[in-house]
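Number of protein chains: 2
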Amino acid sequence: MLPTIVFTDVIREWSEVFMQRSMHDFRKFMEETGLSFSQINILMRLLHRGNTGVSEVGSQLGVTNAAASQAVDRLVQLGLIERTEDPEDRRAKKLALTPKGRTLIEKGIEVRSRWVEGITDALTPEQQGMIISALTLLTTAARATRE
Amino acid sequence: MLPTIVFTDVIREWSEVFMQRSMHDFRKFMEETGLSFSQINILMRLLHRGNTGVSEVGSQLGVTNAAASQAVDRLVQLGLIERTEDPEDRRAKKLALTPKGRTLIEKGIEVRSRWVEGITDALTPEQQGMIISALTLLTTAARATRE
DNA sequence: TTTATTAGTTAAGCGGCCTGAACTATATCC
DNA sequence: GGATATAGTTCAGGCCGCTTAACTAATAAA
Chain A
1 MLPTIVFTDV IREWSEVFMQ RSMHDFRKFM EETGLSFSQI NILMRLLHRG NTGVSEVGSQ
61 LGVTNAAASQ AVDRLVQLGL IERTEDPEDR RAKKLALTPK GRTLIEKGIE VRSRWVEGIT
121 DALTPEQQGM IISALTLLTT AARATRE
Chain B
148 MLPTIVFTDV IREWSEVFMQ RSMHDFRKFM EETGLSFSQI NILMRLLHRG NTGVSEVGSQ
208 LGVTNAAASQ AVDRLVQLGL IERTEDPEDR RAKKLALTPK GRTLIEKGIE VRSRWVEGIT
268 DALTPEQQGM IISALTLLTT AARATRE
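Respectively, the protein sequence lines represent chains A and B. So in my numbering the end of the first sequence lands on 147, straight run, no missing numbers. So in my numbering the end of the second sequence lands on 294, straight run, no missing numbers.
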């Protein structure tokens, strides 16, 4: 049994460092792309799961349908997402990333990735291997719990 | 030598999952606290390093001094940060978290921490130990590169 | 088939955050 | 000591994203 105190502390320290960096990078990404928090949120959401509707996006973001519709519309006009009629329910729309949108949001993720790669550069192969194993575990476990 | 492809892939997958979660939690935190992106940014910054000035905060956020001053003022009025005159340069102000502010931002970090703890619950002690070692390495390495 | 519900859009208005400019006060340089 | 620079504040104005409300169109229910 691991000492719970240490476990919690390590995770908290790591969260702090990671969150600080995340916010900094996120702001930079917003500046570079000219996109709002919500717009980036929508792109991330669609990267994970496409073919969602406008209302679904809205509730995901915690805003009204109207706001979601407007945000979506802006992204469509920018050519970042595609909005097509759902053939099975012609009231509904299916949203999906365009190649351009996918490239953009993946570039944002890559900034984060390269940061991690950068800070692991100086480590030994054994340490790097351990980090890979740990991150793989975490990713798998996270995927299992998120729905 | 590790296969670079795998290394990059693992980190990218992990980044994607965690960024998605981060954004979701962040939005919730904004709603709950009623604070803006910039305001939370300032609190995080002050958690990491107190006694910074208003301009420093502004450049950290990529906004003008005027905007930084306004954001700081709101946080002061909310009782989340403290703004005192720098005795060595009476033009400057020293900013620091109040206990209330510290508690608030630490609660935000704790959400992230508990999430990680939650997803590692089902793992074996060996796996948990490996994750702890890996996160410790990452935290240390990250601290070494940021200044 | 008439009624009610659901998905999405549009328009008007509001509030928040940001900027530029003008200002105060302190510090530094010659 | 006088000119210049620096730290911060205040104000007016603009932009952007959100909300409410009214609307269209399509589906489900009666």
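Where a beta carbon is used, it is the ideal one built from N, C-alpha and C, also for glycine. Since we're looking at a predicted model, the values are computed, not measured.
Where do the ends of the beta strand (DSSP E) carrying residue i lie?
| i | result |
| --- | --- |
| B/R232 | What sits at residue 232 of chain B in the sequence shown is Glu, not Arg. I228 to E232 is the extent of the beta strand (DSSP E) around B/E232. |
| A/A96 | K93 to L97 |
Whole angstroms is fine: what's the gap from residue i's alpha carbon to residue j's?
| i | j | result |
| --- | --- | --- |
| A/T98 | A/S113 | 22 Å |
| B/L193 | B/A243 | 6 Å |
| A/Q20 | B/R159 | 19 Å |
| A/L80 | A/G62 | 21 Å |
| B/V164 | B/H195 | 25 Å |
| A/A68 | B/D233 | 46 Å |
| B/D172 | B/E178 | 10 Å |
| A/A141 | B/S162 | 14 Å |
| B/T211 | A/R90 | 47 Å |
| A/A92 | A/G53 | 7 Å |
| B/L190 | A/N41 | 22 Å |
| B/E253 | B/S169 | 15 Å |
| B/L284 | A/A122 | 11 Å |
| B/L225 | B/T250 | 13 Å |
| A/F7 | A/E117 | 24 Å |
| A/G101 | B/Q217 | 35 Å |
Does any residue of chain B bring its CB to less than 7 Å from the CB of residue i?
| i | result |
| --- | --- |
| A/T140 | no |
| A/Q127 | yes |
| A/I81 | no |
| A/Q39 | no |
| A/I131 | yes |
| A/L104 | no |
| A/I109 | yes |
| A/T124 | no |
| A/V54 | no |
| A/S36 | no |
| A/T145 | yes |
Considering just the uninterrupted stretch of the alpha helix (DSSP H) at residue i, what are its terminal residues?
| i | result |
| --- | --- |
| B/V201 | V201 to L208 |
| B/N188 | F184 to H195 |
| B/L285 | P272 to T292 |
| B/D220 | N212 to Q224 |
Within a Cβ cutoff of 8 Å, which residues of the same chain sit near residue i, ignoring the five residues on either side of it in sequence?
| i | result |
| --- | --- |
| B/N198 | K241, L242 and A243 |
| A/S55 | N65 and A68 |
So, does the CB of residue i fall closer than 7 Å to a CB anywhere in chain A?
| i | result |
| --- | --- |
| B/N212 | no |
| B/E163 | yes |
| B/L204 | As written in the sequence, residue 204 of chain B is Val, which differs from the Leu given in the question. Cβ-Cβ to chain A under 7 Å: no for B/V204. |
| B/A218 | no |
| B/E160 | yes |
| B/I189 | no |
| B/R281 | Correcting the residue type first, residue 281 of chain B is Ala in the shown sequence and not Arg. Answer yes: the Cβ-Cβ gap between B/A281 and chain A drops below 7 Å somewhere. |
| B/S260 | yes |
| B/Q224 | no |
| B/L284 | yes |
| B/T112 | Residue 112 of chain B is absent from the structure shown; chain B starts at 148 and stops at 294. |
For residue i, I'd like the list of residues in its chain whose CB is within less than 6 Å of its CB, leaving aside the five on either flank, ordered along the chain.
| i | result |
| --- | --- |
| B/F176 | G255 |
| A/E82 | A96 and T98 |
| A/V111 | D25 |
| B/T231 | K241 |
Apart from the five residues on each side of it in sequence, which residues of its chain come closer than 7 Å, Cβ to Cβ, to residue i?
| i | result |
| --- | --- |
| A/T120 | Q128 and I131 |
Any 3 or more C-beta pairs closer than 8 Å across the stretch 260 to 274 of chain B and the stretch 130 to 145 of chain A: With a cut-off of 8 Å, the stretch 130 to 145 of chain A and the stretch 260 to 274 of chain B count as touching, because enough Cβ pairs lie within range.
Check whether the stretch 215 to 232 of chain B and the stretch 171 to 188 of chain B touch, using three or more Cβ-Cβ pairs below 8 Å as the test. Segments in contact, yes.
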